[in-house]
Amino acid sequence: MGATAAGIALLMLLCLGQAHGDHHYPNGVGGAVKEKKCDYSQGRWVYSSSYPLYKSSDCPFLQSEFDCQKNGRPDNLYLKLRWQPTSCNLPSFNGIDFLRRNRGKRIMFVGDSLSLNQWQSLTCMLHTAVPKAAYSLRTWQGLSTFKFPAYNVSLMLWRDALLVDLVNKNGTRVLKLDSINSPKPWKGVDVLIFNSWHWWLHTGRQQP
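For the sequence shown, the numbering used here begins at 123 and goes up steadily by one.
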């Protein structure tokens with residue numbers, strides 16, 4: 123749950139950080155007062171009648187294995203849950219505002235299937251917000267790029283379960299924990315969301 127909450131926190135910072143950044147307000151004596159920070163990773167799931175933010179049937183590029191309703195899941199209460207931080211409230215997600223704020227930027231998720239889930243959810247949320255906007259989706263050698271040309275916003279996914287270098291030494295795969303020298307497509311990207319933990323627990327043939 124801790125890693126999941128951390129991933130949610132990163133996504134919240136991406137979606138809402140600009141709305142809750144280091145705003146300054148006059149304090150009446152010529153100075154400024156910083157807005158209190160909120161720890162998005164601390165909170166709980168609560169029911170919300172306004173959820174879900176998109177329907178899987180309205181997201182044409184959603185991978186079939188992630189469409190729980192289409193695959194026969196009978197309940198849907200889990201779709202009505204939203205993350206509620208302990209010390210603050212989050213405004214509702216505004217896809218158009220998100221695209222405008224991030225105009226001209228490249229945003230990349232790096233990691234395993236959790237990153238894939240977050241990337242797909244965000245692209246579906248944005249497509250729902252601007253259903254008539256043109257988009258492109260391309261995948262090449264592990265890098266998937268979803269782009270809204272009208273906003274020049276690219277949402278990217280790089281599948282890299284372990285992040286660090288994996289080399290072959292005498293027929294044995296070896297992780298170099300202090301090295302990320304192999305080519306990484308995230309160089310020059312404006313916003314990066316990393317996720318890596320699940321596959322570090324696997325050994326032997328279960329390793330990626």
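Just so it is clear, CB atoms sit at the ideal spot from N, CA and C, and this is done for glycine as well. Small disclaimer: the values here were computed from a predicted structure and weren't measured.
Residue interval of the beta strand (DSSP E) (run including residue i)
i	result
Gln240	Per DSSP, Gln240 belongs to no beta strand (DSSP E); it is in the alpha helix (DSSP H), 235-251.
Phe268	265-270
Phe316	313-316
Ser258	258-262
Tyr169	165-169
Leu203	203-207
Leu277	275-281
Closest residue to residue i among the options (Cα-Cα distance)
i	options	result
Trp308	Phe215, Cys210, Met230	Met230
Ala272	Asn224, Thr261, Gln206	Asn224
Ser170	Tyr162, Gln185, Pro213, Gly217	Pro213
Leu164	Leu259, Ser276, Asn211, Lys254	It should be pointed out that residue 164 corresponds to Gln in this sequence rather than to Leu. Answer by Cα proximity: Asn211.
Leu203	Asp234, Phe270, Leu221, Trp167	Trp167
Tyr173	Thr267, Cys181, Phe220, Tyr200	Tyr200
Gly310	Gly226, Gln191, Lys177	Gly226
Phe270	Ser318, Cys190, Met278	Met278
Ser235	Trp280, Arg295, Asp180	Trp280
Gln263	Val275, Leu288, Asn274, Lys306	Lys306
Lys177	Phe220, Pro253, Phe268, Ser209	Pro253
Phe268	Leu221, Asp189, Lys291	Leu221
Ile315	Cys190, Val232, Thr261	Val232
Lys159	Ser209, Asn292, Lys291, Asn290	Ser209
Ser276	Trp205, Ala256, Lys192	Ala256
Unbroken alpha helix (DSSP H) run spanning residue i, endpoints
i	result
Arg222	217-223
Nearest-angstrom Cβ-Cβ length linking residue i and residue j, presumed shorter than 8 angstroms
i	j	result
Arg228	Asp312	5 angstroms
Ile218	Ala251	5 angstroms
Asp282	Pro207	Actually they are not in contact, since the Cβ atoms of Asp282 and Pro207 sit about 29 angstroms apart, beyond 8 angstroms.
Ser237	Asn317	5 angstroms
Leu175	Phe215	6 angstroms
Leu288	Arg295	6 angstroms
Q | the stretch 228-247 / the stretch 178-185 touching (three or more Cβ pairs under 8 angstroms) | A | The stretch 228-247 vs the stretch 178-185: in contact.
Q | Touching by the beta-carbon criterion (3+ pairs, under 8 angstroms), the stretch 246-256 and the stretch 193-202 | A | Too few Cβ pairs lie closer than 8 angstroms, so no.
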